[in-house]
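Chemist: This note's numbering puts the first residue of the sequence shown at 846, with every later residue one more than the last.
Beta carbons are placed, not taken as given, at the ideal position from N, Cα and C, and that holds for glycine.
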Amino acid sequence: MKLQEFVLVDACVPQLVNTERDAVITELIDGLLQAGAAPKNLKDELIKQIIDREKHGSTGFGKGVA
């Protein structure tokens, strides 16, 4: 399987505005919502779930890659 087969290009955020974890998560969720990858009424729940997941261990690799 190739990365391009499951990455939604329209949801990609090539240049983040924020640097703080929670704000970045919100930015990325906004990208998903704008691309139609999730219903907009799930925004708060998606943010909460991802932040809860990050509390167990970061998914970031470093140098801006996550």
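By a C-beta neighbour count over all protein chains shown, 10 Å radius and 16 as the cutoff for buried, is L853 buried or exposed?
Modeler: Answer is exposed; the Cβ neighbour count stays below 16.
Chemist: With the cut-off set at 8 Å, would you say N863 and E872 are in Cβ contact?
Modeler: Yes; because the gap between Cβ atoms is below 8 Å, this pair is in contact.
Chemist: Enumerate in chain order the residues of its own chain whose CB-to-CB distance from L827 is below 7 Å, with the five nearest sequence positions on each side excluded.
Modeler: Nothing about residue 827 can be reported from this structure: the residues present for the chain run from 846 to 911 only.
Chemist: Go through its chain and collect everything with a Cβ distance to L891's Cβ below 6 Å, but skip five positions before and after it.
Modeler: Excluding residues within five positions, the ones whose Cβ falls inside 6 Å are I874.
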